[in-house]
Structures are given as structure tokens and as C-alpha cells.
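To keep things clear, I will list the structure first and then write my remarks on it.
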Amino acid sequence: MGGPSDESRSVARMRGLGAASARMLRAAGIDTQARLRELGAVAAFAQVRAAGCAPSLNLLWALEGALTDQAWQQVARESRVSLLLALETYERQHAPPSSAG
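Using this note's numbering, count along the sequence shown one by one with no gaps and you end on 103.
Structure representation (C-alpha cells):
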């Protein structure tokens, strides 16, 4: 028989994600590989921010790298602009309504 499935396997076991990344993800309610895959890198990063953590953009690169089996440095070089645009769009769409007036 094999080991645990993605359903229960810790995100800390994914490529490029260590203990500090796992702590921030857990604080945001993301503690399994399955949950991270369900959310995707951009939504997971935004959820970490919303949970009160202050991650650097390296976490975004690392999350994408973990999901695509790439080094975070490669993600930062090749996908930086598209991920930043996706994050900006995601956060704009999920921002709480402003209380102007």
C-alpha cells in the first residue's frame, strides 16, 4: 500500500514549501495538498494575506512551484507577471465592499 493521499498529505511535503510556508498556510486554513490544489497558488496566497500573515511574494512563487513541480526561482523568472496580474484580479474581485459615503 502507498502513503497518504493528497487528501491528507501535508503541504510541507511539497516541493519548495518548508516549515514557515506550512505555518502560514495552516494559519489560513490550508493544511493539505488537496486543499492547496483546490485553491491554486493565487487564491491560497491571498488567503494567507487575509489571515493576517505578511508573506513575501516568494511564497506565491513557491506555491506555484509546488503545484507545477518547478523551483520557485524558475516560477519567479517565467511566470512573475502573469501571477501578479492574477493576484491583483483575484484580490479586486474578492475585496470587501467599500463603505464610501
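Beta carbons: idealized from backbone N, C-alpha and C, even for Gly.
Does the beta-carbon distance from SER81 to GLU93 come in below 9 Å? no
Reference SER95; option with closest CA among ALA78, LEU19, VAL44: In the sequence on display, residue 95 carries Gln and not Ser. For the residues ALA78, LEU19, VAL44, the minimum Cα distance to GLN95 belongs to VAL44.
With 16 other Cβ atoms within 10 Å as the buried cut-off, status of SER100: exposed
Counting pairs of beta carbons, one from the region 57-64 and one from the region 32-41, are three or more of them closer than 8 Å? no
Give a yes or no on whether the minimum CB-CB distance between ALA43 and chain D is below 9 Å. Considering every chain present, this structure includes no chain D. It has just one protein chain.
With distances taken between CB atoms, is the gap from LEU62 to LEU87 smaller than 9 Å? no
Between the CA atoms of ALA14 and ALA21 - distance to the nearest angstrom: 6 Å
Ends of the alpha helix (DSSP H) at GLN76? 74-95
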